[in-house]
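A.B. asks: Shown below is the structure under consideration.
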Amino acid sequence: METFPPQKQKMTYQEFLAWADEDTLAEWVDGKVIMNSPASRRHQEISNFLNTLLTFYVSIRDLGRVLFAPFQVKLGPDLPGREPDLLFVASEHLDRLKETHLDGPADLIVEIVSQESQQRDRGEKFYEYEAAGVSEYWLIDPQRRQAEFYQLGEGGFYRPVPPDAEGVYRSAVLPGFWLDMAWLWQTPLPTPLETLHLLSEMLGGSPGSETVQAFLKQV
Numbered sequence: 000m001e002t003f004p005p006q007k008q009k010m011t012y013q014e015f016l017a018w019a020d021e022d023t024l025a026e027w028v029d030g031k032v033i034m035n036s037p038a039s040r041r042h043q044e045i046s047n048f049l050n051t052l053l054t055f056y057v058s059i060r061d062l063g064r065v066l067f068a069p070f071q072v073k074l075g076p077d078l079p080g081r082e083p084d085l086l087f088v089a090s091e092h093l094d095r096l097k098e099t100h101l102d103g104p105a106d107l108i109v110e111i112v113s114q115e116s117q118q119r120d121r122g123e124k125f126y127e128y129e130a131a132g133v134s135e136y137w138l139i140d141p142q143r144r145q146a147e148f149y150q151l152g153e154g155g156f157y158r159p160v161p162p163d164a165e166g167v168y169r170s171a172v173l174p175g176f177w178l179d180m181a182w183l184w185q186t187p188l189p190t191p192l193e194t195l196h197l198l199s200e201m202l203g204g205s206p207g208s209e210t211v212q213a214f215l216k217q218v
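Using numbering that gives the first Met the number 0, the first residue of the sequence shown is number 0, and each one after it goes up by one.
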């Protein structure tokens, strides 16, 4: 059954959280409810792949938590409540993680751009995430086969950090993590088992690699 926001001009963030259930695709901006469109299949496939890759990596290295939409992020007292496609919260910031939302900025946010969301992802959200202090922001655009990566620099402003000459992006907030652009655009995308093999390559001989290797020998 379709869910509609209450018939009133504005609501508080707490009212919004009480109204929105776990399946509601919506964001809270200046007291107003912004409904989001359902994702495309390709959007979901990329989201699932990145979620699998990031969750495995973060779990093995014990770096924090990875969450995915629909999950609310209240960026700050005077900032909106957004619903990123993926987010990472470092261990030292897990006190921000509440039952219904993240109370404060994530350390990393990933938005997978659609035709409907591109202006919002590159405009409003870009500046909101920057103002909130989200350390790293990824914009993945399946239609254009482009990926943009931003890291918070001196003065609290985002600076673009492009992939290297081999098409590999290296994260600042996830030590040792790298992402090959070719993975994002291949069809079909890596399966969970293939993702584990990629993770094994990424970890090399670093802590956690023996866990992955032991698991792969059993499958």
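C-beta: ideal position from N, C-alpha, C; glycine also.
Values in this document were obtained by computation on a predicted structure and should not be read as measured data.
Is it buried or exposed, residue 9, if we count other Cβ atoms within 10 angstroms and call 16 or more buried?
C.D. replies: Here residue 9 is taken as the residue at index 10 of the sequence shown, counted from 1. Residue 9 is exposed by the Cβ-count criterion.
A.B. asks: DSSP state of residue 105, grouped into three classes?
C.D. replies: On the sequence shown, position 106 is the one that residue 105 refers to. It is coil, neither helix nor strand.
A.B. asks: Under three-state DSSP, which class holds residue 31?
C.D. replies: On the sequence shown, position 32 is the one that residue 31 refers to. The answer is strand: DSSP assigns residue 31 an E or B state.
A.B. asks: If you draw a straight line from the C-alpha of residue 155 to the C-alpha of residue 124, how long is it?
C.D. replies: Within the sequence shown, residue 155 is the residue found at index 156, counting from 1. Within the sequence shown, residue 124 is the residue found at index 125, counting from 1. Whole-angstrom Cα-Cα distance: 15 Å.
A.B. asks: Excluding the five sequence neighbours on either side, which residues of its own chain have a C-beta within less than 6 Å of the C-beta of residue 53, listed in chain order?
C.D. replies: Here residue 53 corresponds to residue number 54 of the sequence shown, with the count starting at 1. Counting only Cβ-Cβ distances below 6 Å, and skipping sequence neighbours, we find 65.
A.B. asks: Sort out for me which residues DSSP pairs residue 162 with in a bridge.
C.D. replies: Numbered from 1 along the sequence shown, position 163 holds the residue referred to as residue 162. Per DSSP, none; premise fails for residue 162.
A.B. asks: So the candidates are 81, 173 and 148; which of them puts its Cα closest to the Cα of residue 163?
C.D. replies: Within the sequence shown, numbered from 1, the residue matching residue 163 stands at position 164. Cα-wise, what sits closest to residue 163 is 148.
A.B. asks: Would you report the Cα separation of residue 179 and residue 166, rounded to the nearest angstrom?
C.D. replies: Taking the first residue of the sequence shown as 1, we reach residue 179 at position 180. Taking the first residue of the sequence shown as 1, we reach residue 166 at position 167. Near 6 Å, if we compare the C-alpha coordinates of residue 166 and residue 179.
A.B. asks: What is the DSSP secondary structure of residue 146, reduced to helix, strand or coil?
C.D. replies: For the purposes of this step, residue 146 is taken as the residue at position 147 of the sequence shown. It is a strand residue.
A.B. asks: By Cβ distance below 7 Å, which residues in the same chain neighbour residue 96 in space, the five residues on each side in sequence not counted?
C.D. replies: Locating residue 96 in the sequence shown gives position 97, where the first residue counts as 1. Within the same chain, residue 96 has close Cβ partners 64 and 88.
A.B. asks: Would you kindly check if the distance between the Cβ of residue 91 and the Cβ of residue 68 is under 7 Å?
C.D. replies: As a position in the sequence shown, residue 68 is number 69, starting the count at 1. As a position in the sequence shown, residue 91 is number 92, starting the count at 1. No, the pair does not count as a contact, with Cβ atoms beyond the cut-off.
A.B. asks: Which class does residue 62 belong to by DSSP, given the choice of helix, strand or coil?
C.D. replies: If you number the sequence shown from 1, residue 62 lands on position 63. Looking at residue 62 - three-state DSSP - the assignment turns out to be coil, as it is neither helix nor strand.
A.B. asks: Skipping 5 residues on each side, what residues in its chain have a beta carbon closer than 6 Å to that of residue 160?
C.D. replies: Reading the sequence shown from its first residue, position 161 is the one you call residue 160. Closer than 6 Å at Cβ, skipping near neighbours: 148 and 150.
A.B. asks: By Cβ distance, which residues of its chain are closer than 8 Å to residue 120, with the 5 residues on each side in sequence left out?
C.D. replies: What you label residue 120 is simply residue 121 of the sequence shown in a count that begins at 1. These residues qualify, in order along the chain: 110, 112 and 138.
A.B. asks: Where does residue 196 land, buried or exposed, given buried means 16+ other C-beta within 10 angstroms?
C.D. replies: Within the sequence shown, numbered from 1, the residue matching residue 196 stands at position 197. Exposed, because fewer than 16 other Cβ atoms sit within 10 Å of the Cβ of residue 196.
A.B. asks: Starting from the Cα of residue 129, find the closest Cα among 106, 115 and 143 and give me that residue.
C.D. replies: Taking the sequence shown and counting its residues from 1, one reaches residue 129 at position 130. Looking at the Cα atoms, 106 is the closest of the given residues.
A.B. asks: Assuming residue 174 and residue 132 form a contact by the criterion Cβ under 8 Å, report the distance between their Cβ atoms to the nearest whole angstrom.
C.D. replies: On the sequence shown, position 175 is the one that residue 174 refers to. On the sequence shown, position 133 is the one that residue 132 refers to. The pair is not a contact, with the Cβ atoms about 19 Å apart (cut-off 8 Å).
A.B. asks: Short check: CB of residue 198 to CB of residue 55, under 7 Å?
C.D. replies: On the sequence shown, residue 198 is found 199 positions in, with the first residue counted as 1. On the sequence shown, residue 55 is found 56 positions in, with the first residue counted as 1. Yes, the pair counts as a contact, with Cβ atoms nearer than the cut-off.
A.B. asks: Could you work out which residue in 194, 157 and 84 is closest to residue 177 when comparing CA atoms only?
C.D. replies: For the purposes of this step, residue 177 is taken as residue 178 along the sequence shown, with counting starting at 1. Closest option to residue 177, Cα to Cα, is 194.
A.B. asks: Out of 189, 115 and 17, state which residue places its alpha-carbon closest to the alpha-carbon of residue 51.
C.D. replies: The residue you call residue 51 lines up with position 52 of the sequence shown. Closest by alpha carbon: 189.
A.B. asks: Please report the residue range of the alpha helix (DSSP H) in which residue 198 lies.
C.D. replies: Start at 1 with the first residue of the sequence shown, and residue 198 comes out as number 199. 191-202 is the extent of the alpha helix (DSSP H) around residue 198.
A.B. asks: Cutting at 6 Å between CB atoms, please list the residues of its own chain near residue 76, excluding the five before and the five after it.
C.D. replies: On the sequence shown, residue 76 is found 77 positions in, with the first residue counted as 1. Answer for residue 76: no residue qualifies.
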